[in-house]
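Protein chains in written order, with the numbering used here: chain A, 1 to 574; chain B, 1 to 433.
Okay, structure first, notes after.
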Ligand SMILES: Cc1cc2nc3c(=O)[nH]c(=O)nc-3n(C[C@H](O)[C@H](O)[C@H](O)COP(=O)(O)OP(=O)(O)OC[C@H]3O[C@@H](n4cnc5c(N)ncnc54)[C@H](O)[C@@H]3O)c2cc1C
Ligand code: SF4
Ligand code: SF4
């Protein structure tokens with residue numbers, strides 16, 4: 001290990017996120033020229049990540065001949081890569097860069113204690129300096145990437161993603177577990193803001209897909225094995241047709257997940273569902289109005305009065321689904337308006353929890369009001385009741401909009417506005433180790449700026465498997481995911497991170513503990529000619545470090561977290 | 001890269017360098033295409049770079065925007081023209097557009113400026129700072145804002161008295177009054193419109209007193225008061241610099257209201273108001289914050305939980321539309337409203353009022369196109385010709401649209417829309433070549 005002699009340190013104000021609580025100037029003074037004078041330069045900066053500061057850093061590194069750089073700022077999740085790249089632009093090996101987090105770990109954690117926060121920040125920066133002395137130059141590896149994407153799920157999102165990748169000269173394996181494409185959209189007739197039906201849209205996309213030479217469509221097919229990592233992911237799929245099973249293997253560079261959602265199914269008895277025949281769900285209602293003509297009939301009786309109860313299975317402060325399902329308000333009003341136009345004598349009563357016809361969807365709401373639809377509102381603590389009196393089904397609520405007056409509607413049909421829930425069967429997510437959010441939909445890396453990428457490199461998520469979305473939003477996310485998957489593979493090669501675990505073959509006794517601990521299946525059992533030992537698959541290892549502490553004989557080392565680095569950091573911290 | 005060399009052909013012209021245009025430019029550049037990114041402002045970053053924190057993650061907006069901006073500015077495949085506007089665009093054939101771009105003189109050579117601010121100090125002229133939405137002043141020689149990119153001074157020639165003080169003060173001699181308007185004819189293969197939105201001008205609703213009552217401000221101004229790079233070190237009300245302790249938010253100002261010409265819901269103002277209310281509770285723990293609303297539209301991922309969190313923190317939510325606001329002698333404001341839950345007309349006194357103004361289209365975009373018709377929707381946003389299936393396609397083949405240019409949306413939706421526009425543009429470039 002080559003000890004560093006000329007280290008530069010930057011201490012970021014983060015606007016005021018850090019400097020409101022941490023005395024950044026004091027931190028600077030505490031480390032400048034410190035640690036046997038190896039810190040040759042220490043500066044504070046308003047926003048270390050700003051373009052102006054990044055340029056300044058490049059100049060500083062060159063002018064001061066620095067051999068190590070530290071930025072003390074926010075979480076490394078946010079900006080470690082940013083500053084590694086700055087270091088690289090200054091012709092310094094990017095792995096000599098060391099990051100100190102004095103925002104989440106000092107200023108935000110101790111906003112009630114400015115002196116303590118400052119002291120802690122000083123320790124954290126000193127620890128980073130200690131580590132920096134030992135931070136080795138490392139080389140990234142280049143691997144060849146397969147220009148093929150597996151798109152899983154052939155709903156509208158998957159179909160659009162497949163087409164857009166195929167148009168970009170990329171091979172696509174489009175995998176669908178059902179025997180037909182189109183997912184939920186194929187179920188729909190008329191749609192809001194479109195002259196086409198759901199089925200027509202799917203037919204249009206399907207015609208393009210079968211024409212496209214770059215797309216291999218596999219229906220009745222599921223993925224059951226996943227190995228390797230971004231660039232070269234080996235998947236095995238099982239196709240079952242007429243009772244016969246066929247297994248196929250593909251190597252793909254990226255996987256685009258578009259597995260969609262399930263409709264919420266009301267619990268037995270929820271608003272009379274299951275026990276009162278007049279109570280149905282929104283998807284059932286949509287099918288009903290699409291498939292009937294003349295009179296709208298249900299169980300042999302003509303329907304005139306329809307009560308819609310909103311937010312069923314959504315927005316539950318106590319229940320399992322705390323989120324709003326985003327598109328059910330609009331879908332319901334659209335269905336109600338369609339029913340009114342198609343069948344005579346219909347009156348629509350909407351029992352809402354505050355309508356969410358956001359954006360231009362508001363116009364639909366305004367139109368339905370003008371057409372005479374009746375809107376009532378309740379809060380979660382005063383939900384409507386559905387009761388049967390003889391042959392009558394009554395929906396009652398204390399209406400918020402009319403000073404809590406009790407309003408009773410005799411309904412020929414009660415439509416429960418059920419929302420979107422994550423797929424009940426989540427084996428595909430588990431297979432690809434996709435993290436889920438608290439709502440159980442797949443989670444993106446960064447909610448604001450990277451909504452289709454996941455923590456699993458090379459696996460993108462599109463459509464409603466990430467959270468409730470309407471068709472336009474699903475397609476936007478599908479095309480975004482396609483763009484990301486394509487941009488990973490378009491160059492034909494990829495850089496891999498050298499920060500992986502290493503095995504000392506002398507010490508390893510193959511007990512298998514590391515293999516069990518590794519969340520990425522990166523540990524292989526091999527015979528090295530002398531004995532059975534563990535081996536790390538470098539292209540799969542994420543350097544997470546789960547294996548190192550479970551290794552009894554201490555045979556595992558993590559590159560960039562070597563013992564001298566860690567020990568010197570601990571010395572600086574205590 | 002901010003460039004003075006005029007490479008006259010590019011693969012793509014991206015108009016507008018907000019988060020949608022920036023993301024589109026990066027997606028295209030990362031897949032090997034040469035992009036010209038044009039913005040009329042002096043900095044890239046659009047509205048987002050000026051925000052405080054973002055809902056519902058409460059990430060610091062500057063912290064997540066600046067690295068993007070930096071990536072855009074440094075990208076070898078991206079050429080940026082700030083202070084520039086697109087004049088006319090002609091489609092010659094598939095894959096061939098000619099765009100006229102006019103660059104206004106900045107009167108500063110950006111490459112030489114070190115942003116030392118000496119010109120700012122020397123300049124005797126004080127005017128309202130448009131980048132702080134008028135909360136404070138700035139000089140006629142000025143650096144737009146602390147995290148702007150390119151980080152360089154500019155001369156506001158309309159207010160400049162040509163006294164020459166800045167020129168004398170500048171240590172690198174980068175101020176140059178001989179700069180002139182440059183007009184360029186550029187050949188591009190595809191165009192992406194990412195011109196964003198305008199906010200409703202609250203002065204158009206005199207009954208709320210914006211522009212007359214000092215303590216009625218807009219949410220955009222409050223964003224600046226709450227930002228880490230805020231002009232004051234805390235939240236102040238404008239009339240007397242007092243720290244407010246009874247703050248009101250009025251939602252749907254200029255939205256959902258056919259009588260002022262905008263029936264559309266702006267879909268971001270409920271959420272940004274809830275966000276600001278939470279930030280205010282953090283900054284001013286003793287303050288009361290009340291949000292007057294019609295419906296709360298917390299529909300996106302994590303939004304409903306964020307709304308519940310605000311209620312849990314003690315933000316008051318009152319269902320009622322504000323009829324009018326009047327001012328008391330001490331600068332406090334009286335809000336008259338119909339309280340829906342109580343079913344009666346009420347009055348409430350607050351010492352500061354924030355108007356959550358809505359999203360309006362950036363008009364005139366269709367005028368760019370000379371020999372083709374760019375269709376607009378009934379509200380004057382750029383129309384999506386195949387809204388459900390190809391949301392970023394417009395009525396002109398080879399011209400795509402990203403972000404709020406098609407209608408109100410938040411940052412993640414703008415990113416998704418930009419991803420879609422990028423995808424279509426890349427496909428178009430590949431298919432046509
Ligand atoms: C007060 C407020 C708070 C907000 N808070 C949040 C939040 O917390 N979270 C969130 O997700 N969203 C928030 N938003 C919404 C967010 O600002 C928008 O979603 C986002 O800025 C949209 O990005 P855009 O690129 O589409 O548009 P813009 O940001 O408007 O960018 C458009 C760009 O195009 C340029 N331009 C326009 N016309 C031309 C032309 N003719 N030639 C050249 N350039 C042109 C403009 O100068 C601008 O730089 C908030 C908005 C407001 C008003
Ligand atoms: S979209 Fe409307 S019906 Fe659906 S959960 Fe949200 S508020 Fe309820
Ligand atoms: S988002 Fe909320 S405040 Fe904005 S227009 Fe819609 S309902 Fe009104």
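Positions of the beta carbon are idealized from the N, C-alpha and C atoms, including for glycine.
Here the structure is a predicted model, which is why all the values come from computation and not from measurement.
Excluding the 5 residues flanking residue i on each side, which residues of the same chain have their C-beta closer than 8 angstroms to its C-beta?
i	result
residue 293 (chain A)	342
residue 1 (chain B)	Low per-residue confidence applies at residue 1 (chain B): pLDDT is 49, beneath 50, and the placement is therefore not dependable, though the value from the model is reported in the following sentence. Hits under 8 angstroms: 73, 74, 75, 76, 78, 79, 80.
residue 405 (chain A)	398, 399
residue 298 (chain B)	270, 271, 274, 304, 306, 307
For residue i and residue j, I'd like the C-alpha separation in whole angstroms.
i	j	result
residue 462 (chain A)	residue 173 (chain A)	16 angstroms
residue 285 (chain B)	residue 328 (chain B)	25 angstroms
residue 99 (chain A)	residue 225 (chain B)	30 angstroms
residue 124 (chain A)	residue 274 (chain B)	35 angstroms
residue 181 (chain B)	residue 456 (chain A)	49 angstroms
residue 410 (chain B)	residue 419 (chain B)	14 angstroms
residue 92 (chain B)	residue 17 (chain B)	25 angstroms
residue 309 (chain A)	residue 113 (chain A)	50 angstroms
residue 522 (chain A)	residue 233 (chain A)	13 angstroms
residue 422 (chain B)	residue 66 (chain B)	21 angstroms
residue 167 (chain A)	residue 286 (chain A)	34 angstroms
residue 370 (chain A)	residue 160 (chain B)	54 angstroms
residue 101 (chain B)	residue 370 (chain B)	14 angstroms
residue 378 (chain A)	residue 319 (chain B)	12 angstroms
residue 9 (chain A)	residue 82 (chain B)	32 angstroms
residue 242 (chain B)	residue 236 (chain B)	6 angstroms
Quick one: give me the first and last residue of the beta strand (DSSP E) that residue i is part of.
i	result
residue 84 (chain B)	84-93
residue 523 (chain A)	523-527
residue 250 (chain A)	244-252
residue 361 (chain B)	359-361
residue 369 (chain B)	No beta strand (DSSP E) contains residue 369 (chain B), which DSSP labels as neither H nor E.
residue 317 (chain B)	316-319
Going along chain A, which residues have a C-beta under 8 angstroms from residue i?
i	result
residue 256 (chain B)	362
residue 395 (chain B)	None at all; the shortest Cβ gap to chain A is about 16 angstroms.
For residue i, which residues in the same chain have their Cβ closer than 6 angstroms to its Cβ, ignoring the five residues on either side in sequence?
i	result
residue 375 (chain B)	383, 395
residue 4 (chain B)	Any answer about residue 4 (chain B) is weak, because its pLDDT of 49 lies below 50 and its placement is not dependable; what the coordinates show is given next. There are no such residues.
residue 413 (chain A)	278, 298, 303, 306
residue 46 (chain A)	13
Specify, as a first and last residue, the run of the alpha helix (DSSP H) that residue i falls within.
i	result
residue 65 (chain B)	61-74
residue 124 (chain A)	114-132
residue 274 (chain B)	269-283
residue 291 (chain A)	282-291
residue 52 (chain B)	It is not in any alpha helix (DSSP H) - residue 52 (chain B) carries neither H nor E in the DSSP assignment.
Closer than 7 angstroms by C-beta to residue i: which residues in its own chain qualify, once you throw out the five before and the five after it? Chain order, please.
i	result
residue 555 (chain A)	503, 504, 507, 508
residue 25 (chain B)	14, 35, 37, 72, 78
residue 266 (chain A)	273, 281, 312, 313, 416, 418
residue 137 (chain B)	126, 127, 128, 129
residue 424 (chain A)	262
Can you pull the chain A residues whose beta carbon is under 7 angstroms from the beta carbon of residue i, in chain order?
i	result
residue 299 (chain B)	324, 326, 356, 358
residue 67 (chain B)	49, 79, 82
residue 308 (chain B)	317
Anything in chain B within Cβ reach of residue i, meaning under 8 angstroms, just list it in chain order.
i	result
residue 447 (chain A)	56, 57, 301, 302, 412
residue 475 (chain A)	388, 389, 390, 391, 420
residue 451 (chain A)	412, 415, 416
Please list the partners that residue i has in chain B, where partner means a Cβ-to-Cβ separation under 7 angstroms.
i	result
residue 482 (chain A)	423
Would you mind telling me which residues of chain A sit closer than 9 angstroms to residue i, beta carbon to beta carbon, in chain order?
i	result
residue 110 (chain B)	Chain A residues near residue 110 (chain B): none, gap ~12 angstroms exceeds 9 angstroms.
**Asked** When the Cβ atoms of the region 89-104 of chain A are set against those of the region 66-76 of chain A, are three or more pairs found closer than 8 angstroms?
**Response** yes
**Message:** Could you check whether the region 481-491 of chain A touches the region 358-372 of chain A, counting it as contact only if at least three pairs of C-beta atoms, one from each stretch, sit closer than 8 angstroms?
**Reply:** no
**Message:** For the pair the region 521-536 of chain A and the region 77-92 of chain A, tell me if three or more CB-CB distances fall below 8 angstroms.
**Reply:** no
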